[in-house]
Amino acid sequence: MIYLLLSILSSTIIFVVFRLYKKFGINTLQAIIVNYFVACTVGFFGYIDGSDFTHVPNESWFPGALMLGFLFIAVFNLAAITTQKSGMSVVAVATKMSVAIPVLCGIFLYNESTGISKIIGIILALVAVYLTSIKTKEGISIKSKNLIFPLLVFLGSGIIDTSLKYLETSYVSETDVGLFSSTIFATAGLIGTIILIGQAFMGKLKISFKNILGGIALGIPNYFSIYFLVLALRTKGFDSSTIFTMNHVAIVTISTIVGILLFKEKLIRKNWIGLGLAILSIILVANSAI
Numbered sequence: 001m002i003y004l005l006l007s008i009l010s011s012t013i014i015f016v017v018f019r020l021y022k023k024f025g026i027n028t029l030q031a032i033i034v035n036y037f038v039a040c041t042v043g044f045f046g047y048i049d050g051s052d053f054t055h056v057p058n059e060s061w062f063p064g065a066l067m068l069g070f071l072f073i074a075v076f077n078l079a080a081i082t083t084q085k086s087g088m089s090v091v092a093v094a095t096k097m098s099v100a101i102p103v104l105c106g107i108f109l110y111n112e113s114t115g116i117s118k119i120i121g122i123i124l125a126l127v128a129v130y131l132t133s134i135k136t137k138e139g140i141s142i143k144s145k146n147l148i149f150p151l152l153v154f155l156g157s158g159i160i161d162t163s164l165k166y167l168e169t170s171y172v173s174e175t176d177v178g179l180f181s182s183t184i185f186a187t188a189g190l191i192g193t194i195i196l197i198g199q200a201f202m203g204k205l206k207i208s209f210k211n212i213l214g215g216i217a218l219g220i221p222n223y224f225s226i227y228f229l230v231l232a233l234r235t236k237g238f239d240s241s242t243i244f245t246m247n248h249v250a251i252v253t254i255s256t257i258v259g260i261l262l263f264k265e266k267l268i269r270k271n272w273i274g275l276g277l278a279i280l281s282i283i284l285v286a287n288s289a290i
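Position one of the sequence shown corresponds to residue 1 (the UniProt record's numbering), numbered consecutively onward.
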């Protein structure tokens, strides 16, 4: 359980860093790309035994890590497009509701335990993440022509979590968790660098030192959010559907509380209801695992 708590804490720090990006006018794309290389470096030099990385391409999990690295940067760009066309709330809902994909896969593909308490908790969790993500009384509105973008964000985010579970279960040894995580970030960083090179050729690239600092601030907790999540998925006695549900809902809950305390966010009634349901869902899901 300690690994799950550390992953939640790391993800909450990511939320705080993203909020500070807006305050200091940091270019999110540049910071994100720097963050991938920082996260990769943290893993390579802090959590990997030995220094010979030449065998990485021969690892059975290597193709999966490449795919995840591509998905990381692809989902980020899709989220940016969705924000421009439909607003931040739509992105928040699509990203957080994607927890339904790994939860359902855990139950149906891995025959994980189910029960009334767990099922009710999962349903309440989905309702909670929706209500806490809505920042207007009117809810969200998406034009039919733009529906494809949040749908892709939803699918991409869900596939990332589901793939993490599949790869750590089938291919990643306990000693390779750090190397596996770093390879994902390295792939995402390299793809992001190609994007920046393209911007440079088009004369649209302007690198700022504050963007690099922003990437460093994000990269450290980002690495640990994945590293500890993979370790949490290995916790005996806890199904992946339980881990993913508690992880997503706890991040939503704590991030909302942090937003109120640090950034003076104002919550509407829907948000407060969602916050209450989130806490209740965590209790129900956690209780089902005991």
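Yeah, the Cβ is synthetic: ideal placement off N, Cα and C, and Gly gets one too.
Residue i, buried or exposed, once every other Cβ within 10 Å from all chains shown has been counted against 16
i           : result
Gly46       : exposed
Gly274      : buried
Trp61       : buried
Phe24       : exposed
Asn247      : buried
Asn271      : buried
Gly178      : buried
Thr183      : buried
Thr136      : exposed
Ala200      : exposed
Pro63       : exposed
Ser225      : buried
residue 322 : No answer is possible for residue 322: it lies beyond the span of the chain, which begins at 1 and ends at 290.
Asn211      : buried
Lys264      : exposed
Phe118      : For clarity, residue 118 is Lys in the given sequence; the question names Phe instead. It counts as buried.
Ile26       : buried
Ser113      : exposed
Pro57       : exposed
Ser7        : buried
Leu261      : exposed
Phe238      : buried
Phe209      : exposed
Glu138      : exposed
Gly215      : buried
Thr245      : buried
Helix, strand or coil at residue i according to DSSP, with G and I counted as helix
i      : result
Gly237 : coil
Asn211 : helix
Met1   : coil
Leu277 : helix
Asn27  : coil
Thr82  : helix
Val99  : coil
Thr136 : coil
Gly115 : coil
Lys270 : helix
Lys206 : coil
Thr253 : helix
Thr54  : coil
Gly87  : coil
Lys143 : coil
Ser60  : coil
Lys22  : helix
Tyr130 : helix
Tyr36  : helix
Tyr110 : coil
- Query: Do the stretch 22 to 40 and the stretch 71 to 82 touch if we need at least three Cβ pairs shorter than 8 Å?
  - Reply: yes
- Task: Kindly provide the ranges of any alpha helix (DSSP H) runs that are 4 or more residues long and lie completely inside the stretch 146 to 197, ordered along the chain.
- Result: 148 to 170
- Task: May I ask you to verify whether the stretch 208 to 226 touches the stretch 9 to 24, counting CB pairs closer than 8 Å and requiring at least 3?
- Result: yes
- Message: Whether or not the stretch 151 to 158 and the stretch 92 to 99 are in contact is what I'm after, with contact meaning three or more pairs of Cβ atoms, one per stretch, closer than 8 Å; do they touch?
- Response: yes
- Query: For the 8 Å Cβ check, are there 3 or more pairs between the stretch 80 to 89 and the stretch 108 to 121?
  - Reply: no
- Taking three-plus beta-carbon pairs below 8 Å as touching, is the stretch 186 to 199 in contact with the stretch 64 to 74? yes
- Message: Does the structure place the stretch 130 to 149 close enough to the stretch 222 to 236 that three or more beta carbon pairs sit under 8 Å?
- Response: no
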